Structures are given as C-alpha cells and as structure tokens.
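Student:
Residue numbers (UniProt numbering): 1 to 610.
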C-alpha cells in the first residue's frame with residue numbers, strides 16, 4: 001500500500017477543478033453550487049477535466065501496475081472463457097446461452113427437444129456440437145455489438161408460435177432501450193423502434209404483446225398493446241410522477257398483471273386480454289404506505305402485503321368470479337382475501353413463485369434467505385441449506401406443470417450452483433456449479449456470521465469469509481468491509497471471483513448488514529432512513545470496531561467500500577472516523593444530495609419525493 005507522502009515525493013498532483021459562480025434558489029433559499037458546470041458532460045472543457053482526472057488516476061496507480069496484472073490474471077484463471085448456461089426446456093425447445101473463448105458477449109441459442117432428452121444429455125450434445133441436434137443461434141451479441149463501444153441486450157423471449165423473438169438493446173450506455181423483433185426462421189429483423197424505450201415486456205398467446213415504455217425522464221410510465229405489424233395502442237398512462245410501471249405474467253400465461261410502484265406504495269392491476277381490447281381492474285387498491293406483490297395459481301391469487309404488517313403476511317383470494325373484468329370499470333375488484341401466513345417478527349416474506357401443484361415461498365429468516373414449499377393444501381415444507389450465509393434466487397422456470405423447480409445457490413466462498421428441487425420430496429440435484437479455478441476447494445475457506453452492537457444496542461449482522469489459517473493468534477489479516485444501507489436493499493452474500501482473489505491473499509472480506517437495508521423488513525429499512533439516517537453510518541462504524549477488536553484487522557490494515565448510496569456511507573464514515581481505516585473506495589458516491597434531489601430531470605429523482 002502506498003501513501004500520499006510518496007505521491008508528493010514524485011510530484012504527482014491532482015488536477016485543479018475550477019469554481020464557477022452558480023446559485024440555485026430552493027424555496028426562497030439560495031444555495032451556491034460552484035461545480036454546477038460539470039453537469040455539461042458533452043462540453044469539451046468538461047471532457048478535458050474528466051480526462052485530466054483519469055490521467056491523474058493512472059499516474060497514482062502506476063506503481064501497482066504489476067499487481068493489477070497479477071490480480072487480473074488470477075481472476076481470469078477462476079472463470080471459464082467458454083461458459084455454458086444450463087439449458088431450459090420451453091414449448092419444445094431447449095434455450096441456453098454460451099460464451100466462446102476470446103469473445104466478450106453471449107450467444108443466445110436454442111435446440112429442438114427430442115424424445116428422451118434430459119438436461120444432462122442436452123448439455124453433452126451442446127459441448128460436442130452434435131450434428132443430430134443442430135443448434136440455432138438466435139442472437140450473436142458479438143456481431144450486434146460491432147461498431148459500438150457499449151452494448152447490452154435484454155432478451156424478452158419467443159412468441160407462442162416459436163417463430164419470432166423479442167428483444168431490446170442499449171448501444172450507448174444511457175439505458176435507452178430500442179425494442180426489436182427477429183424472425184428466427186429467416187434471421188431477419190421484423191422491425192425495431194428506437195422510440196419505444198421499452199422497460200418490460202410480455203407475449204400473449206395470440207402473438208400480440210404488451211410492453212411498458214419510459215418517458216423523457218426515464219420513468220417507466222406507459223403501457224402499450226402491440227402487434228408484429230408495429231402498431232401500438234396506449235392502454236395506461238401512470239400520471240403520478242412518484243410511480244413507475246412493470247409487467248408480470250402468471251406462469252400459466254393466462255393472466256397479466258401491471259405493477260405500479262413508488263418508494264413505499266404499490267398497486268397491481270389485472271390486465272384483461274381479449275383480442276384487440278383490454279381493461280384493467282385493481283386487485284388490492286392503492287393505499288399510501290402499503291406495498292404488495294401478487295402471483296397466481298389455478299385462479300388463486302397469492303399476495304404478500306407490507307404496510308399493515310412490517311414484515312409481511314401472505315393472503316389468498318379466488319379469481320373465479322372475475323375472470324373477465326369489466327373493461328370500463330377500473331375500481332378495485334371485490335375479492336375476498338384470507339390470511340394464509342401471518343406476520344412473524346423473525347421472518348420477512350419476500351416473494352412467491354406459483355406452479356400448478358405447489359407454490360415456492362422465498363423469505364428471510366433472521367436476516368438470511370430461505371425457501372419453503374406450499375403444497376395444494378398449503379402444507380409447508382422448509383428446505384434445508386448447508387451454510388448460514390447464502391445467496392438464493394429463483395431462476396427461469398417456465399413450465400407451469402413441472403414437478404421440479406430451479407434456484408441459484410451460492411455463498412461468499414461457494415461458486416454458484418444451479419439446483420433443481422423436487423417439490424414433493426424437497427430433494428435436489430446440482431445441475432451445474434460454476435468453475436472457480438484449478439484445485440479450488442471450498443473447505444479451504446471459513447465463513448462466519450457475527451453481530452456488532454450499535455450505539456442504541458441493536459445487533460448488526462456481519463457476513464465474512466477468509467482463508468483457513470489467515471486469522472488467529474500471531475496473524476495480521478487485512479480487513480475489507482463493504483456496506484450499502486439504503487432503499488431497503490440487502491447486499492448479496494453470493495460468490496464473486498474478485499472476492500476470492502482478495503481472500504486468497506490474506507484479506508478478510510466482510511459485509512455489514514446495516515440499517516437502511518432490508519434484512520429485517522421495513523423496520524430495518526426505516527431505521528436507517530431520513531431522520532434515522534445517522535444509524536446507517538454509526539452501524540457501519542460499530543461493525544468496523546467490532547471486527548478490529550475481534551482480531552480480523554487493524555486500522556492500518558482496514559479498507560472500506562461502497563457505491564452510490566454506499567458511497568455516501570463511505571464518505572460519511574471517513575469524515576466521522578478517519579482513524580479507523582487506511583483507505584476507502586467510494587464508487588459513484590451519492591454525496592451532492594440537496595442539488596440531486598431538487599433536480600427533477602434526473603432519473604428516479606421524483607420517485608424519492610414521498
């Protein structure tokens with residue numbers, strides 16, 4: 001590690017940033033903003049400033065170039081450059097992605113299903129490029145990215161006839177997504193629409209589709225119904241600037257839901273699809289500070305609701321009598337809701353995934369992700385997991401009738417596994433585990449879950465991992481602590497290549513689950529929000545001090561990291577307790593809060609006005 005003193009010896013000086021007089025007037029008060037001119041990112045003077053800053057970074061980091069190369073090659077050795085996803089069967093085709101060595105982007109492919117095919121036999125056929133099962137490349141993202149310095153493709157799936165794939169792409173990095181359709185039989189583009197600015201998408205059985213589009217401020221605002229002739233009909237305009245839209249389709253594809261969300265309020269509408277007409281009815285209303293999400297199985301709605309209960313409860317209602325809602329009546333449907341699972345202070349209900357014969361329930365128990373299965377009689381089976389620190393999320397499970405479902409499972413030192421669970425027995429098979437390098441053995445690592453004591457006595461969870469033998473008497477480990485603590489977001493504790501590279505070099509990698517996040521539901525989120533925001537900072541400081549006292553690091557060997565709202569966290573902690581760490585990394589830090597929140601032209605700003 002190098003210091004500022006060394007930089008001064010080498011005459012490496014940071015570029016000066018000029019101040020230009022500029023004053024904002026907010027509610028009768030004037031606020032000086034001498035760096036307002038930097039917003040003009042296309043101005044040659046501003047670009048020159050950015051280039052000078054980049055040159056300064058290069059000069060500062062020059063002594064570490066050999067280390068950077070070493071770390072890069074170490075990370076590269078832990079991944080397969082010719083990667084393959086687990087194929088998924090859907091409407092007679094196996095869908096998957098693969099990456100060819102030396103290429104930067106994916107190939108999105110499919111193969112026809114044949115009698116006797118299993119996931120394992122299809123994987124072998126792909127790896128051998130079997131002539132008996134020819135591969136159809138739907139999208140070669142490498143070719144699509146040619147001529148662009150940035151490219152990102154979002155794949156929306158294939159229509160019911162299996163002939164046309166929908167997609168959207170951003171070729172600028174500005175998150176402006178062009179909607180497109182490709183004929184998979186000819187490879188030709190049916191059409192593309194740059195004005196669509198699509199946010200979410202759903203195919204219907206008649207090969208028409210719905211999509212949500214953004215307005216000029218990038219707020220997902222409009223719902224359209226479209227055809228492959230490129231004709232759109234505007235069905236819904238969310239005029240409230242605090243709300244944004246997204247689409248959700250039931251797994252049996254008979255029901256389409258429109259989600260309207262603000263930072264603390266939600267509403268879900270049932271979209272009735274009948275040829276060229278559509279109508280919408282609210283399923284649970286729009287009540288301030290009440291959030292909910294809905295899924296459906298056999299005309300039974302499953303609703304997880306927060307608001308009346310801070311940790312969530314699960315309700316059910318029958319759709320039998322409202323299968324075709326009145327297209328002219330947008331009032332809430334008169335459903336009869338029954339409580340299936342009551343609130344528990346130890347459990348946060350997250351989401352459901354409904355199949356024909358069972359429902360998968362995702363939760364947090366004591367802040368840790370967990371999964372349960374509810375059968376047809378709503379009898380519950382909790383799935384066991386090996387480690388107390390884990391990252392779990394559902395994967396694409398398109399078959400409504402399937403007796404099995406897939407999830408992704410990983411920990412800080414367990415590479416991602418694709419697990420397929422049998423809903424009847426709770427048993428699973430690992431279909432794939434990501435490569436982690438030659439000779440990798442998870443037994444070489446230790447994972448722990450500790451608790452720091454906050455200034456008000458609250459227990460703050462910490463997840464950490466280190467290599468066997470790097471912590472203990474006579475050891476001097478380096479501590480790297482990551483934090484976020486905002487928007488009810490819980491930092492993931494899954495496997496990442498760069499973390500293992502640090503851990504193998506004697507670093508204790510830790511994550512602080514501070515208030516402002518969502519580990520313990522809405523109370524945990526609101527405990528680090530607005531008037532309680534100070535808790536986010538003091539919780540993080542308490543975690544640093546706890547880990548240092550326990551021998552996981554010392555101030556001269558401690559670094560901290562956070563990005564965006566986590567960058568705000570890092571900035572606050574560095575200013576409050578600079579003696580606790582040697583270095584800090586604040587990625588795109590959200591630190592000019594007043595001017596940012598008063599600028600309605602910025603993406604998502606108005607969503608914070610509640």
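Quick reminder that beta carbons are idealized off the backbone N, C-alpha and C, glycines included.
Given the structure is predicted, the values throughout are model-derived calculations rather than measurements.
According to the Cβ coordinates, are residue 284 and residue 314 closer than 8 Å?
Tutor: Taking 8 Å as the Cβ cut-off, residue 284 and residue 314 do not qualify as a contacting pair.
Student: Which residues mark the beginning and the end of the beta strand (DSSP E) in which residue 183 is found?
Tutor: Where residue 183 is concerned, the enclosing beta strand (DSSP E) stretches over 178-183.
Student: For residue 104, report the span of its beta strand (DSSP E) as first-last.
Tutor: Unbroken run through residue 104: none, as it is neither H nor E.
Student: For the alpha helix (DSSP H) holding residue 152, just list the boundary residues, first then last.
Tutor: Run containing residue 152: none in the alpha helix (DSSP H); it sits in the beta strand (DSSP E), 152-158.
Student: Mapping DSSP to helix, strand and coil, what is residue 586?
Tutor: Of the three classes helix, strand and coil, the one that applies to residue 586 here is strand, per DSSP.
Student: Taking buried to mean at least 16 other C-beta atoms within 10 Å of its own C-beta, is residue 529 buried or exposed?
Tutor: By the 10 Å Cβ count, residue 529 comes out buried.
Student: Just to confirm the assignment, what range does the beta strand (DSSP E) spanning residue 535 have?
Tutor: No beta strand (DSSP E) holds residue 535; the alpha helix (DSSP H) holding it covers 534-549.
Student: Tell me residue 291's beta-bridge partners as DSSP assigns them.
Tutor: In the DSSP output, where bridge partners are listed per residue, residue 291 has 306.
Student: Let me know the secondary structure DSSP gives residue 128 once reduced to three states.
Tutor: Residue 128: helix per DSSP, three-state reduction.
Student: Run the CB neighbour count on residue 147, radius 10 Å, all protein chains shown included, and call it buried at 16 or more, exposed below.
Tutor: Its Cβ having fewer than 16 others within 10 Å, residue 147 is exposed.
Student: Which residue's Cα is closest to the Cα of residue 307: 281, 267, 300?
Tutor: The shortest Cα separation from residue 307 among 281, 267, 300 belongs to 267.
Student: Between residue 19 and residue 31, what straight-line distance do the alpha-carbon atoms span, to the nearest angstrom?
Tutor: Going from the Cα of residue 19 to the Cα of residue 31 covers about 14 Å.
Student: Quick one: using the 10 Å Cβ neighbour count with 16 as the cut-off for buried, is residue 534 buried or exposed?
Tutor: Answer is exposed; the Cβ neighbour count stays below 16.
Student: Tell me whether the segment 464-482 and the segment 498-510 touch, counting them as touching only if at least three CB pairs, one residue from each stretch, are closer than 8 Å.
Tutor: The segment 464-482 is in contact with the segment 498-510.
Student: Which of the three DSSP states, helix, strand or coil, is assigned to residue 577?
Tutor: Residue 577: coil per DSSP, three-state reduction.
Student: Among 512, 437, 421, which residue has its Cα nearest to the Cα of residue 454?
Tutor: Per the Cα distances, 512.
Student: Classify residue 495: buried if its beta carbon has 16 or more other beta carbons within 10 angstroms, exposed otherwise.
Tutor: Residue 495 is buried by the Cβ-count criterion.
Student: Which stretch, first to last residue, makes up the beta strand (DSSP E) that contains residue 360?
Tutor: It spans 358-365 - the beta strand (DSSP E) in which residue 360 sits, taken as one unbroken run.
Student: Can you tell me which of 457, 379, 343, 201 puts its alpha carbon nearest to the alpha carbon of residue 364?
Tutor: Considering only alpha carbons, the answer is 343.
Student: When the Cα atoms are used, what is the spatial distance from residue 244 to residue 25?
Tutor: Answer to the nearest angstrom: the Cα atoms are 28 Å apart.
Student: Just how far apart, CA to CA, sit residue 459 and residue 571?
Tutor: If I take the Cα positions, the gap works out to 23 Å.
Student: Is it buried or exposed, residue 137, if we count other Cβ atoms within 10 angstroms and call 16 or more buried?
Tutor: Exposed: under 16 other Cβ atoms inside 10 Å.
Student: Spatial neighbours of residue 415 within its chain, please: C-beta separation below 6 Å, excluding the five flanking residues on both sides.
Tutor: Here the set comprises 433, 434, 436, 495.
Student: By a C-beta neighbour count over all protein chains shown, 10 Å radius and 16 as the cutoff for buried, is residue 561 buried or exposed?
Tutor: Residue 561 should be labelled buried.
Student: Quick test of the definition: if touching needs 3 or more C-beta pairs under 8 Å, does the segment 289-297 touch the segment 232-246?
Tutor: Segments in contact, no.
Student: If you reduce the DSSP assignment to three classes, tell me which class residue 333 lands in.
Tutor: The answer is coil: DSSP assigns residue 333 none of H, G, I, E or B.
Student: Excluding the five sequence neighbours on either side, which residues of its own chain have a C-beta within less than 7 Å of the C-beta of residue 14, listed in chain order?
Tutor: Closer than 7 Å at Cβ, skipping near neighbours: 56.
Student: Considering only C-alpha positions, which residue in the set 182, 392, 218 is nearest to residue 175?
Tutor: Cα-wise, what sits closest to residue 175 is 218.
Student: Let me make sure I understand the geometry here. Which of 338, 169, 134, 601 has the alpha-carbon closest to that of residue 141?
Tutor: Among 338, 169, 134, 601, the Cα nearest to that of residue 141 belongs to 169.
Student: Measuring CB to CB, does residue 394 end up less than 8 Å from residue 411?
Tutor: Contact flag unset, no.
Student: Let me confirm a value: residue 72 is counted as buried when at least 16 other C-beta atoms fall within 10 Å, else exposed. Which label applies?
Tutor: Exposed, since its Cβ has fewer than 16 Cβ neighbours within 10 Å.
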